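Enquirer:
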Amino acid sequence: MRAAWYQRLGPASEVLELGEKPDPIPGPGDLLIRLFASGVNPADVKRRAGLGSYAEMEHACVIPNSDGAGVVVGIGENLQPSWIGRRVWLFNGQRLGRAFGTAAEFIALPSKFVTDLPEHVSFDEGATLGIPAMTAFHGVFSDGLVEGKTVLVSGGAGAVGWYAVALAAWGGARVIATVSGPEKAERALAGGAHETINYKSDDVAAKVAELTNGLGVDRLVSVDFGGDLAWATEVISLNGSISAYASDTQAKPLLAFHEFARRNIRFIPFILNSLPGEVLDRTRWGINSWLNNQPELMRPVGGKFGLQEIVAAHEAVEAAQKFGTIIVRPGD
Ligand SMILES: NC(=O)c1ccc[n+]([C@@H]2O[C@H](COP(=O)([O-])OP(=O)(O)OC[C@H]3O[C@@H](n4cnc5c(N)ncnc54)[C@H](OP(=O)(O)O)[C@@H]3O)[C@@H](O)[C@H]2O)c1
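Residues 173 to 504 (our numbering) make up the sequence shown, in order.
(1) My parser needs the alpha helix (DSSP H) runs of 4 or more residues fully inside the stretch 269–324; what are they?
(2) Between Ala299, Tyr417, Ser394, Arg180, which has its C-alpha nearest Trp261's C-alpha?
(3) For Ala280, which residues of its own chain have a beta-carbon under 6 Å away from its beta-carbon, when the five flanking residues on both sides are left out?
(4) Going by other Cβ atoms of all chains shown within 10 Å of its Cβ, with 16 needed for buried, is Glu297 buried or exposed?
(5) Residue range of the beta strand (DSSP E) that Phe477 falls in?
(6) Can you tell me the Cβ-Cβ gap for Leu339 and Ala308, rounded? I've got them flagged as a contact below 8 Å.
(7) Report, in whole angstroms, the separation of the C-beta atoms of Val325 and Val393, which I expect to be a contact under 8 Å.
(8) Can you name, in chain order, every residue of its own chain whose Cβ lies under 7 Å from the Cβ of Val337, other than the five neighbours on each side?
(9) Check whether the Cβ of Tyr417 sits closer than 8 Å to any heavy atom of ligand 1, and report yes or no.
(10) Compare the beta carbon distance of Val276 and Ile459 with 9 Å and say whether it is the shorter of the two.
(11) Which stretch, first to last residue, makes up the alpha helix (DSSP H) that contains Leu339?
(12) Under 8 Å Cβ to Cβ from Gly353, same chain only, skipping five residues before and after it: list those, please.
(13) Tell me, which residues are paired with Ile256 by DSSP?
(14) What is the C-beta distance between Phe495 and Gly474, in whole angstroms, given that I count them as a contact (C-beta under 8 Å)?
(15) So which of Lys379, Thr274, Gly211, Ser225 has the shortest CA-CA distance to Lys424?
(16) Using alpha carbons as the reference points, say which of Leu207, Glu490, Glu249, Val234 lies closest to Pro214.
(17) Measuring only the C-alpha atoms, how far is Gly182 from Pro236?
(18) By the 10 Å Cβ neighbour count, where 16 or more other Cβ atoms means buried, how is Ile303 classified, buried or exposed?
(19) Does the beta-carbon distance from Ser283 to Phe263 come in below 9 Å?
(20) Considering Glu367, what are the terminal residues of the beta strand (DSSP E) in which it resides?
(21) Please report the straight-line C-alpha distance between His430 and Glu382, rounded to a whole angstrom.
(22) For Phe285, collect the residues of the same chain with a Cβ closer than 6 Å to its Cβ; drop the 5 residues on either side in sequence, then sort them by chain order.
(23) Applying the 10 Å Cβ sphere with the 16-neighbour rule, what's the burial state of Pro200?
(24) With C-beta atoms as the reference, is Ser210 less than 9 Å away from Pro502?
(25) Hey, would you say Gln179 sits closer than 9 Å to Glu189, going by beta carbons?
(26) Where are the beta strand (DSSP E) runs, 3 residues long or more, that stay fully inside the stretch 347–415, in chain order?
(27) Less than 9 Å between the C-beta atoms of Thr421 and Gly449, yes or no?
(28) So what's Ser225 in DSSP terms, helix, strand or just coil?
(29) How would you call Ile443, buried or exposed, if buried means at least 16 neighbouring beta carbons within 10 angstroms?
(30) Can you look up Asp239 in the DSSP assignment and give me helix, strand or coil?
(31) Enumerate in chain order the residues of its own chain whose CB-to-CB distance from Val389 is below 7 Å, with the five nearest sequence positions on each side excluded.
(32) Quick one: does the C-beta of Thr322 sit closer than 8 Å to a heavy atom of ligand 2?
(33) Whose C-alpha, out of Met229, Gly320, Asn250, Arg456, is nearest the C-alpha of Asp288?
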């Protein structure tokens, strides 16, 4: 099969290679999937670059990327032949000890990471669902349903943040999103946000107090926990919660215990890939319910690249100017 890989960590242009690898063979419980789209997420890029907690090569050779979409073309032992021919989206490709991800024509992956792709969702869109939509779903719903609640999403025009806005609105919440400017505000509003706050120029705490008549929000879904801490405890109402999926500006933020304790704020930091199986199942089926309930809403694709352009695709994620998920097409 055609694939892209790296054998050492470093800049995309220096370490990513293209060529042929043997087709994978599905083991017991695995599906063999022909990939039409591979999603490139910040964590795939950080792993390849050796950033943060990814300072060492995990394997001698890594085919990058966690997410993708395609068609099932083979099954391992213990799986039903009815899987063959099904359109699917998937996550946890190059994750959890697996060296070979989705930047290739085929992947063999446990069926628990593979979900039917509704007919109205394209392969490119399907490859945006794994990390971005699932992280958003868990961020919004990990502390329970949101009907009638107020949810604040920081970074409401990011790949994860936009899905968090859309899912919280679908769940019946009033949604407020922080953004860095008017274009991003428009995107968050298109996703279903009711109000936006410019976190660079506005006083976020004062603005939330104004929008909520001083009541605050029930839940914060945070893209930058360390940065959001400047105002987070001021805006969470009594017994509210903060779910946080990143803290890029401060890896070790100082946390004022009494501000959390006095308001009984639950703090839910998480990494999607290793959440318990039943939570991941609930999350992927929840995503499919949303796709079927709101088929008209976009699934943002931030750019499309052929497999031979994988360097440019990784660099586009690093540039962080995209809206949505960058897609690599292994078949092109
Ligand atoms: N825990 C997990 O399982 C998990 C899963 C997915 C992603 N992540 C991490 O989450 C982060 C975002 O991923 P992504 O795919 O959504 O990236 P993305 O598409 O590049 O979006 C990042 C967004 O965050 C916004 N942002 C950054 N700092 C902000 C702040 N202090 N306040 C408000 N908005 C802020 C950016 O907007 P502006 O530039 O306009 O500010 C941008 O819209 C990455 O660090 C990624 O590794 C973690």
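Heads up, the beta-carbon is just placed ideally off N, CA and C, and yes, glycines get one too.
None of these values were measured; they are calculated from a predicted model.
Expert: In terms of the structure at hand:
(1) 295–298, 306–313
(2) Ala299
(3) Pro196, Pro198, Asp202, Leu204
(4) buried
(5) 473–478
(6) 6 Å
(7) 5 Å
(8) Val325, Gly328, Val347, Ala349, Ala360, Gly363, Gly364, Ala365
(9) yes
(10) In the sequence as displayed, the identity of residue 276 is Ala instead of Val. Going by C-beta atoms, Ala276 is not nearer than 9 Å to Ile459.
(11) 331–342
(12) Asn370, Lys372
(13) According to DSSP, which records beta bridges pairwise, Ile256 is partnered with nothing at all.
(14) 5 Å
(15) Ser225
(16) Glu490
(17) 13 Å
(18) buried
(19) no
(20) 367–370
(21) 24 Å
(22) Leu262, Phe263, Asn264
(23) exposed
(24) yes
(25) yes
(26) 367–370, 389–394
(27) no
(28) coil
(29) exposed
(30) strand
(31) Thr322, Val323, Leu324, Ile348, Val380, Val407, Ile408, Ser409, Gly412
(32) With respect to small molecules bound, the structure shown includes ligand 1 and not ligand 2.
(33) Arg456
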